[in-house]
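Down below is the structure, laid out as structure tokens.
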Ligand code: GLY
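Residue numbers (this note's numbering): 29 to 282.
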């Protein structure tokens, strides 16, 4: 069964980390409603949602994708690139221990799950402001013996690899080519986001459905023309915290 770990929105979300966006006031009550809509969407797409309590001391803790990389055999607890976020990993690790044996990355590694794009047995890992070479090296050491290959990808001008590109199913990567090196994806079809929607590449593909923020209608039409079932969600308040759709859940089979 598809399991999704999520975490309630922190009341301190307005103190979130920001790398590439100007700070705007976030309406916390509205962010909570939008996050509940996101969890409902995951349930509608067949996921069993395990919702963790908010972490008031960690503004970004709702973005549970970042402190861990879950593969079929293990969960690798990351050492986040944003020092203010490192404490998020403890309670997430306790939740993940119910589902997978844990492995842990050590200093000087930094790595965030938003930089890890898994397609089958390949993990494309962004070399970004948040993920360093040592993080990629330690992740590689953990997962290569399990049959995965790790492919580093240079990221520039955005927070994470999955800000720049995501798998949209059917051999297709939805992408903003300005923000990453496309060469490692030479075996995939690259579908460009609409030029007026540079942040639209972060989509969540579950089964035959691709979920995209409702503020990206032109890119939604691009996906529809590809023949994908497209669902839209309003996550506008969460996006002010530099969130994408993938970062608010950790998805894995149980
Ligand atoms: N606010 C998301 C992050 O910077 O980690």
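Note that the Cβ used here is the ideal one computed from N, Cα and C, for glycine as well.
Residue 143, buried or exposed, once every other Cβ within 10 Å from all chains shown has been counted against 16: So residue 143 ends up on the buried side.
Candidates 216, 202, 192 and 148, of which the one nearest residue 178 by Cα: 148
Three-state class that DSSP yields for residue 238 in the structure shown: strand
For residue 182, the three-state DSSP class (helix, strand or coil): strand
Whole-Å CB distance - residue 18 paired with residue 91, under 8 Å assumed: Any question about residue 18 goes unanswered here, given that the chain covers just 29 to 282.
C-alpha gap between residue 96 and residue 117, whole angstroms: 8 Å
Residue 46: CB within 7 Å of a non-hydrogen atom of the ligand GLY: yes
Three-state class that DSSP yields for residue 284 in the structure shown: There is simply no residue 284 to check, as the chain begins at 29 and stops at 282 in what is shown.
Where the beta strand (DSSP E) through residue 258 begins and ends: 257-261
Sequence-distant residues of the same chain with beta carbon closer than 8 Å to residue 52, five excluded per side: Excluding its 5 nearest sequence neighbours in each direction, residue 52 has C-beta neighbours in its own chain below 8 Å: 268, listed in chain order.
Residue 250 versus residue 262 - alpha carbon distance: 18 Å
heavy atom of the ligand GLY below 7 Å from residue 143 C-beta: no
Exposed unless 16 or more other CB atoms sit within 10 angstroms - verdict on residue 228: Residue 228 is buried by the Cβ-count criterion.
Sub-8 Å separation of residue 232 and residue 254 beta-carbons: No.
Contact belief for residue 235 with residue 73 at Cβ below 8 Å, rounded distance in angstroms: 7 Å
Per DSSP, the bridge partner or partners of residue 154: 181
The stretch 104-118 touching the stretch 160-176, judged by at least three CB pairs closer than 8 Å: yes
Collapsed DSSP secondary structure at residue 56 in the structure displayed: DSSP, reduced to helix, strand and coil, places residue 56 within a helical segment of the structure shown.
Local conformation of residue 253 per DSSP, three classes: helix
Proximity test, residue 116 beta-carbon vs the ligand GLY heavy atom, cut-off 7 Å: no
Among 191, 217 and 44, nearest to residue 85 - alpha-carbon criterion: 44
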